[in-house]
């Protein structure tokens, strides 16, 4: 029996262990991908600390990793659109026959391993000039903010926007908002390293959201109009309270950061009179990943600065700890099995 190394989470004890497991064999319509890079996401941290729990996992142990890129190694029966040697990134999830949305590395085994199984429909070809580490983070780290910006918020050119929380997803939101022509693009974060990074990635201004006069400064930057779209990537109640206070008439508050805390709209009459909206957002659709791969391939989007470090699979627990503690304020750490 062929074996491989994989970083497996026991959801009963929330313990992560790099161990030896059987190498999977592709079934009908599946391919086996030799993993070249796999991103470490805050969602992985939350799975380990118990904040998140898989809803559709069969069993109690799962290989983590929903951001995956690699090379097609083996084809299962009835695979027609892929070939051995293809360079691919993988969609972060898929829909099963019953219509349930399943997430890779959560509801079924992911890419923190030497090899990963993938349905043919989840393969996204990547060009030769796109490095595997950058390709791996496009599903989720880049596609989630891209979908939030272009689909959920439907931001138009010259609209004033702000991003609260410019970490692994928020900094990409800043880049993408600038790409589509939003103006001004304001970043808000208490971390000075994150603020400097936001400026380097295209923010017109980067503000400390805990500073006195923070909301007044947003008013000045928007010429008193307020924000057409405010994005919460922090998942913190105070962020949502701040954003609601500086929305323009017709403004949208988009909730991307996850939290179980309630959202309070204190002046419902004003909110309704101004036609403002609160929009929930989660993940992305397959076309968003394809669009981003095309944009990178066309030279419109550079993700090279998004890779804060790489490490071997054996160091997965250390990478999780580094991300959890925000050591060095990383955007994305990448495992190389």
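Residue numbers (full-length UniProt numbering): 1 to 337. For every residue, glycine included, the Cβ atom is placed at its ideal position computed from N, Cα and C.
Please look up how many angstroms separate the CB atoms of residue i and residue j, rounded, as I've assumed it's under 8 Å.
i	j	result
residue 320	residue 40	6 Å
residue 38	residue 290	That pair is no contact at about 20 Å.
residue 337	residue 113	6 Å
residue 193	residue 176	In fact, because the Cβ distance is near 21 Å, the residues do not count as touching under 8 Å.
residue 61	residue 128	So it is not a contact: roughly 36 Å between Cβ atoms.
Just curious, the alpha helix (DSSP H) that residue i is in, first and last residue?
i	result
residue 175	170-179
residue 272	268-273
residue 43	42-49
residue 216	214-221
What three-state label does DSSP hand residue i in the structure shown?
i	result
residue 134	helix
residue 35	strand
residue 91	coil
residue 79	coil
residue 24	coil
residue 296	helix
residue 329	coil
residue 144	helix
residue 17	strand
residue 313	helix
residue 73	strand
residue 308	strand
residue 30	strand
residue 11	coil
residue 323	helix
residue 360	A query on residue 360 cannot be resolved here, the shown segment of the chain reaching from 1 to 337 and no further.
residue 3	strand
residue 166	coil
residue 149	helix
residue 106	coil
residue 182	coil
residue 318	helix
Measuring CA to CA, which of the options is closest to residue i?
i	options	result
residue 174	90, 192, 137 and 206	206
residue 133	87, 269 and 215	87
residue 151	252, 95 and 171	252
residue 70	55, 51, 116 and 102	116
residue 191	326, 77, 227 and 1	326
residue 77	30, 58, 227 and 90	30
residue 50	286, 58, 15 and 169	15
residue 305	137, 95 and 17	137
residue 260	235, 270 and 281	235
residue 65	111, 94, 249 and 144	111
residue 197	308, 43 and 312	308
residue 187	212, 181, 161 and 179	161
residue 158	211, 109, 168 and 182	182
residue 230	98, 171, 244 and 281	244
residue 199	184, 211, 332 and 213	184
residue 5	109, 254 and 100	109
residue 20	211, 12, 239 and 2	2
residue 42	329, 324 and 328	324
residue 313	172, 12 and 68	68
residue 249	8, 92, 271 and 61	271
residue 84	26, 269 and 45	26
Need the endpoints of the beta strand (DSSP E) that residue i sits in, please.
i	result
residue 112	Element bounds for residue 112: n/a, residue is neither H nor E.
residue 125	123-125
residue 62	61-63
residue 102	101-103
residue 280	277-280
residue 154	Run containing residue 154: none; DSSP gives neither H nor E here.
When you compare the CB of residue i with every CB in chain D, is at least one pair closer than 8 Å?
i	result
residue 322	In the structure shown, chain D does not exist; there is a single protein chain.
Is it the case that the CB of residue i approaches a heavy atom of the ligand SAH more closely than 7 Å?
i	result
residue 316	Only the bare structure without any ligand can be found here, which leaves the ligand SAH out of the picture.
Report the start-end ranges of each alpha helix (DSSP H) in the region 188-257 that is 4 residues or longer and not cut off at the edges.
192-200, 214-221 and 237-245
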